[in-house]
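Asker: Chains as they are written, first to last, in the numbering used here: chain A, 95 to 375; chain B, 95 to 375.
There are 2 protein chains.
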Amino acid sequence: MTHDMEIISVGNELLIGKVLNTNAQWLSKRATTLGISVKRITVLPDNVDETAAAIREALTRKPQFILTTGGLGPTFDDKTLESIAKALKRKLVVNREALRMVREKYLAYAERTGSPNIELTGPQTKMATIPEDAAPIRNPIGTAPAVRVDLEGVVLIALPGVPREMEAIFEETVEPLLKKISHDRVFVEESLYVDGIMESVLAPLIDEAMHDNPEIYIKSHPKSEENKPHIEIHFSATTTTRREGREKLRKAITQLSALIVKNKGKIVLKEHCDLFSQNTV
Amino acid sequence: MTHDMEIISVGNELLIGKVLNTNAQWLSKRATTLGISVKRITVLPDNVDETAAAIREALTRKPQFILTTGGLGPTFDDKTLESIAKALKRKLVVNREALRMVREKYLAYAERTGSPNIELTGPQTKMATIPEDAAPIRNPIGTAPAVRVDLEGVVLIALPGVPREMEAIFEETVEPLLKKISHDRVFVEESLYVDGIMESVLAPLIDEAMHDNPEIYIKSHPKSEENKPHIEIHFSATTTTRREGREKLRKAITQLSALIVKNKGKIVLKEHCDLFSQNTV
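(1) Strictly under 7 Å for the Cβ-Cβ distance: is K173 (chain B) near chain A by that measure?
(2) Got a sec: is the Cβ-Cβ distance from A252 (chain B) to anything in chain A below 7 Å?
(3) Relative to chain B, which residues along the region 125-140 of chain A have a C-beta separation below 7 Å, given in chain order?
(4) Determine whether the Cβ of S294 (chain A) lies closer than 7 Å to any Cβ atom of chain B.
(5) Give the secondary structure of T374 (chain B) by DSSP, where H, G and I count as helix, E and B as strand, and everything else as coil.
(6) Return the CA-CA distance between T128 (chain B) and I310 (chain B), expressed in angstroms with no decimal places.
(7) Taking C-beta pairs closer than 9 Å, name the residues in chain A that A297 (chain B) reaches, listed in chain order.
(8) Determine the DSSP secondary structure at M195 (chain A), reduced to helix, strand or coil.
(9) Just to make sure I have the definition right: I need the residues of chain B whose C-beta is within less than 8 Å of the C-beta of P316 (chain A). Which are they?
(10) To the nearest angstrom, how far is the alpha carbon of E261 (chain B) from that of V280 (chain B)?
(11) Going by DSSP in three states, M107 (chain A) sits in which element: helix, strand or coil?
(12) Measure the alpha-carbon distance for I251 (chain B) versus I160 (chain B) and round it to whole angstroms.
(13) I'd like the ranges of any beta strand (DSSP E) spanning at least 3 consecutive residues and lying wholly in the region 184-254 of chain A.
(14) Since D171 (chain B) and K342 (chain A) should fall inside the 8 Å C-beta cutoff, what is the C-beta to C-beta distance between them, to a whole number of angstroms?
(15) Hey, out of A:A238, A:D98 and A:S177, whose CA is closest to T142 (chain A)'s CA?
(16) Buried or exposed for V188 (chain B), going by 16 or more other Cβ atoms inside 10 Å?
(17) Would N307 (chain B) be called buried (16 or more neighbouring beta carbons within 10 Å of its own) or exposed?
(18) Which bits of chain A does K123 (chain B) rub up against, with CB to CB less than 8 Å?
(19) Which term fits L245 (chain B), buried or exposed, when burial requires 16 or more other beta carbons within 10 angstroms of its beta carbon?
(20) Which residues, in order along the region 327-338 of chain B, keep a beta-carbon less than 9 Å from a beta-carbon of chain A?
(21) Rounded to the nearest angstrom, what separates L201 (chain B) and M195 (chain B) at their Cα positions?
(22) Would you list, in sequence order, the uninterrupted beta strand (DSSP E) runs of no fewer than 3 residues that lie entirely inside the region 103-182 of chain A?
(23) For I212 (chain A), is the classification buried or exposed, using 16 other Cβ atoms within 10 angstroms of its Cβ as the cut-off for buried?
(24) Does the region 326-333 of chain A come into contact with the region 272-289 of chain A, if we say contact requires no fewer than three beta-carbon pairs (one atom in each stretch) closer than 8 Å?
(25) Residue ranges of each beta strand (DSSP E) run of no fewer than 3 residues wholly in the region 257-293 of chain A, ordered along the chain?
(26) At a Cβ threshold of 7 Å, is K313 (chain A) touching chain B?
(27) Go through its chain and collect everything with a Cβ distance to K173 (chain A)'s Cβ below 6 Å, but skip five positions before and after it.
(28) Which residues bound the alpha helix (DSSP H) around I310 (chain A)?
(29) Along chain A, which residues have their Cβ under 7 Å away from the Cβ of D301 (chain B)?
(30) Which bits of chain A does E107 (chain B) rub up against, with CB to CB less than 8 Å?
(31) Which bits of chain B does K358 (chain A) rub up against, with CB to CB less than 7 Å?
(32) Do P254 (chain B) and A297 (chain A) have their C-beta atoms within less than 7 Å of each other?
(33) Determine, using beta-carbon pairs with one atom in the region 147-155 of chain B and one in the region 118-125 of chain B, whether at least three such pairs fall under 8 Å.
(34) Could you round the C-beta distance between V241 (chain A) and P234 (chain A) to whole angstroms and report it? I think they count as a contact, below 8 Å.
(35) Taking the Cβ atom as the reference point for each residue, do E259 (chain B) and G290 (chain B) lie within a distance shorter than 7 Å?
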């Protein structure tokens, strides 16, 4: 059984090119490794209508998981929980458990800075204001809790945008959940590097290798083409055991390597050393 | 008048976390600098139905530009042009001009490698097979041409996924087009770095500064919060001249700096040196 995920990244900083979306890559890699298939990543501005619309669209596609990143903080432009509430037509309510989490962090700060205020302010309470029937998730590093909403067939989890916080919550709470579900699947991958063959000459050789190795996905990534073609060929598969996956990868790599050498390409190590010359294979 | 853009990135490598989506960031930054507002980035697998659906969805939102990256090459999984044709209900046809571009590159390769084949193969012809009534765009670096489709109110441009090729085509062909349209707008930005103040304490100060500087967008980016809060505050605006933008940024930064210091925060240089101490401002 396949397990699908969509990732929704919220934040103007991602759309003005200020910040590289490393969160989406990090989550994709972790989820893929656990045998989960990430089907779509959507990057949205700090805007309730647009984020709510994108969440509704994602829900219609019925992925098993939707992870959002960003927009959980105390400032006016942190609107992800409001967007989720709007998408689900739920009220936003102050959650008692979330409030306890936020208060704990704030009291430590007030004590450190000698602040006389021990009442939570509006922006602080905002971080504990989450959609009705949602559950806060502990943030071991920052203040804003993550939030989990269980819907029919879809688990929606809102993670913060600060990478260290997002990663810590993922590892503490989300990863164990994904592992439990996808325990029977493992993702394996390997790359082959090829010089001196044009991608269009390589294309039918890949077709042939994929035909003979139907479980292996083979994709070419040209690194530079002018004058000296250099191509990474990426082999991947999702199988039930790592050992089985590795064997299948190995078979496909061996076959395609031979085809490439027959067509005057050279297999090189990543570091550009020759692994096989045309004479030895 | 605002000018909107959506970016659609196609490629399994982006969804398994193998490749960081630097293309989308590069394009966002370039477009933003030209006064264009990027509204959404969507990352999709090498799948015709999913990509065609996402293109149709983007078209309903009526951005002025849709840029796609990836999926223009010769291999079986390069499916972006097929996806565009499907989304637009157009036929795919071999384009004479595109074929000339591909042949020119291939003949240079055949000569270099001493290949006796001078007829184009299926995978090579594929790169010149584009939606009906679309125009190929010269690729100064690689083989696959980019493709432009003019629709009612929307210009759709399909760029290759290899960063060097994508960037070269953008600079040669897309940037001049964007410049012509958005000549009256310029994006300005600046950052302030703050230590020792919690984001939730900062939030109402940002509200106040934004209220008094309605053209400036102010967003806080907490870098680490536990024990020692360190926050980047990013100021940005789209104005008609750079000079005017800079002045408006400066006014907002001065006001917010004073508010932060009054609340026991410290303004620091990016390199963590103190710029103003609490005593001097």
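No residue lacks a Cβ here, since even glycine has one placed at the ideal position from N, Cα and C. Quick caveat: nothing in here was measured; it's all calculated off a predicted structure.
Answerer: This is what the structure holds:
(1) Position 79 of the second sequence, counted from the start, is the residue given in the question as residue 173 (chain B). K173 (chain B) does not count as touching chain A.
(2) Here residue 252 (chain B) refers to the residue found at position 158 of the second sequence. Chain A contact via Cβ: absent.
(3) T126, V132, K133, R134, I135, T136, V137, L138 and P139
(4) On the first sequence, position 200 is the one that residue 294 (chain A) refers to. Yes, S294 (chain A) counts as interfacial toward chain B.
(5) Here residue 374 (chain B) refers to the residue found at position 280 when the second sequence is read from its first residue. Because T374 (chain B) carries a pLDDT of 30, less than 50, the predicted location of this residue cannot be relied on, and the following value inherits that uncertainty. Under the three-state reduction of DSSP output, T374 (chain B) falls in the coil class, being neither helix nor strand.
(6) Here residue 128 (chain B) is taken as the residue at index 34 of the second sequence, counted from 1. Here residue 310 (chain B) is taken as the residue at index 216 of the second sequence, counted from 1. Here residue 128 (chain B) turns out to be Leu, not Thr, going by the sequence shown. Looking at the two C-alpha atoms, the distance is approximately 17 Å.
(7) On the second sequence, residue 297 (chain B) is found 203 positions in, with the first residue counted as 1. Chain A residues near A297 (chain B): G167, P168, T169, F170, D172, T215, G216, P217, Q218 and K220.
(8) Here residue 195 (chain A) refers to the residue found at position 101 when the first sequence is read from its first residue. Note: M195 (chain A) maps to helix in three-state DSSP.
(9) For this step, residue 316 (chain A) is matched to residue 222 along the first sequence. Those within 8 Å of P316 (chain A) in chain B are G167, G236 and V256.
(10) Here residue 261 (chain B) corresponds to residue number 167 of the second sequence, with the count starting at 1. Here residue 280 (chain B) corresponds to residue number 186 of the second sequence, with the count starting at 1. Taking the straight line joining both Cα atoms gives about 21 Å.
(11) Stepping through the first sequence from its first residue, residue 107 (chain A) is reached at position 13. Residue 107 (chain A) is actually Glu in this sequence, not Met. In this structure, E107 (chain A) counts as helix in the three-state DSSP scheme.
(12) Position 157 of the second sequence, counting from 1, holds the residue named residue 251 (chain B). Position 66 of the second sequence, counting from 1, holds the residue named residue 160 (chain B). One C-alpha to the other measures close to 6 Å.
(13) Within the region 184-254 of chain A, the complete beta strand (DSSP E) runs of at least 3 residues are 186-188, 223-225, 229-231, 240-245 and 248-253.
(14) Translated into positions along the second sequence, residue 171 (chain B) becomes position 77. Translated into positions along the first sequence, residue 342 (chain A) becomes position 248. So it is not a contact: roughly 19 Å between Cβ atoms.
(15) The residue labelled residue 142 (chain A) in the question sits at position 48 within the first sequence. Reading off the sequence shown, one finds Val at residue 142 (chain A), where the question assumed Thr. If we check each option's Cα against that of V142 (chain A), A:S177 comes out closest.
(16) The sequence position of residue 188 (chain B) within the second sequence is 94, counting from 1. Counting Cβ neighbours within 10 Å, V188 (chain B) comes out exposed, since fewer than 16 surround it.
(17) As a first step, residue 307 (chain B) is located in the second sequence; it is residue number 213 there, counting from the start. Buried, since its Cβ has 16 or more Cβ neighbours within 10 Å.
(18) As a first step, residue 123 (chain B) is located in the second sequence; it is residue number 29 there, counting from the start. Correct list: I110, G111 and K112.
(19) In the second sequence, the residue the question calls residue 245 (chain B) occupies position 151. By the 10 Å Cβ count, L245 (chain B) comes out exposed.
(20) H328 and S330
(21) Start at 1 with the first residue of the second sequence, and residue 201 (chain B) comes out as number 107. Start at 1 with the first residue of the second sequence, and residue 195 (chain B) comes out as number 101. Whole-angstrom Cα-Cα distance: 10 Å.
(22) 130-138 and 159-163
(23) Against the first sequence, residue 212 (chain A) aligns to sequence position 118. Around the CB of I212 (chain A), fewer than 16 other CB atoms lie within 10 Å, so the residue is classed as exposed.
(24) yes
(25) 280-289
(26) Against the first sequence, residue 313 (chain A) aligns to sequence position 219. With 7 Å as the cut-off, K313 (chain A) counts as an interface residue toward chain B.
(27) If you number the first sequence from 1, residue 173 (chain A) lands on position 79. D140, V142 and G165.
(28) Working through the first sequence from its first residue, we reach residue 310 (chain A) at position 216. No alpha helix (DSSP H) contains I310 (chain A), which DSSP labels as neither H nor E.
(29) Within the second sequence, residue 301 (chain B) is the residue found at index 207, counting from 1. Chain A residues near D301 (chain B): F170.
(30) On the second sequence, residue 107 (chain B) is found 13 positions in, with the first residue counted as 1. The contacting residues are K313, H315 and H328.
(31) Walking along the first sequence from the start, residue 358 (chain A) turns up at place 264. Under a criterion of Cβ atoms nearer than 7 Å, the residues of chain B adjacent to K358 (chain A) are, in order, T207.
(32) On the second sequence, residue 254 (chain B) is found 160 positions in, with the first residue counted as 1. On the first sequence, residue 297 (chain A) is found 203 positions in, with the first residue counted as 1. Taking 7 Å as the Cβ cut-off, P254 (chain B) and A297 (chain A) do not qualify as a contacting pair.
(33) When Cβ pairs closer than 8 Å are counted between the two stretches, the region 147-155 of chain B is seen not to touch the region 118-125 of chain B, the count staying below three.
(34) Mapped onto the first sequence, residue 241 (chain A) falls at position 147. Mapped onto the first sequence, residue 234 (chain A) falls at position 140. Contact between V241 (chain A) and P234 (chain A) does not hold, since their C-beta atoms are separated by about 15 Å, which reaches or exceeds 8 Å.
(35) Numbered from its first residue, the second sequence carries residue 259 (chain B) at position 165. Numbered from its first residue, the second sequence carries residue 290 (chain B) at position 196. Contact flag unset, no.
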